[in-house]
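Presented below is the structure to which this report refers.
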Amino acid sequence: MSVTDYTIKHFVIHSLVGNIPESRSIFPQFSLKILLPDALKPLRNWLNKKEIHDPQVAHRVCRLIPSQCPFARDIKLFGRVIVSIPPLCKLNPLYEELMTLRFRALCYLADEWGEDISQYC
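Counting in the working numbering, the final residue of the sequence shown is number 971, and the numbers go up one at a time with none missing.
Below, the structure is given as structure tokens:
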């Protein structure tokens, strides 16, 4: 039996079995969430619940979390781009939470203290 024959038969069987409810299926379908539980969920929840009440903490958060991805680079040789490294921030599993925390710190400084936040933008 060739690999192509096996793959086609397996695909057809899996397609037919996929419509059967999991309780009656011969091949149970596992969700990725069941196999890989979200290990970062407590940290995500903590970052989402974190409130900014101190201007020093807000300044520190704004300094530590960059507004733009620092990893995006163009490597040039003789004025021509040889390699372009894309921004890798989106691969960070906590990217959204960190950007939200930074935004809350900026809003706190601007709204509560009336500070100029243009230095952080």
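C-beta atoms are modelled at their ideal positions from N, C-alpha and C, and glycine is treated no differently.
Let me check understanding here. Comparing Cα to Cα, which of D966, C912, N942 and L927 lies closest to F921?
Selected option, being the one with the closest Cα: N942.
Let me confirm a value: V933 is counted as buried when at least 16 other C-beta atoms fall within 10 Å, else exposed. Which label applies?
Label assigned to V933: exposed.
Can you tell me where the beta strand (DSSP E) holding D888 begins and where it ends?
No beta strand (DSSP E) contains D888, which DSSP labels as neither H nor E.
Under 8 Å: do the segment 925 to 939 and the segment 951 to 967 share three or more Cβ pairs, one atom per stretch?
no
According to DSSP, is K900 part of a helix, a strand, or is it coil?
coil
Extent of the continuous beta strand (DSSP E) to which D961 belongs
D961 -> not in any beta strand (DSSP E); alpha helix (DSSP H) instead, spanning Y945 to E962.
By the DSSP assignment, the alpha helix (DSSP H) with L927 in it spans what residues?
Looking at the DSSP string, L927 is not in any alpha helix (DSSP H); the run it does join, the beta strand (DSSP E), is R923 to L927.
P905 - containing alpha helix (DSSP H), residue span
Residues P905 to L914.
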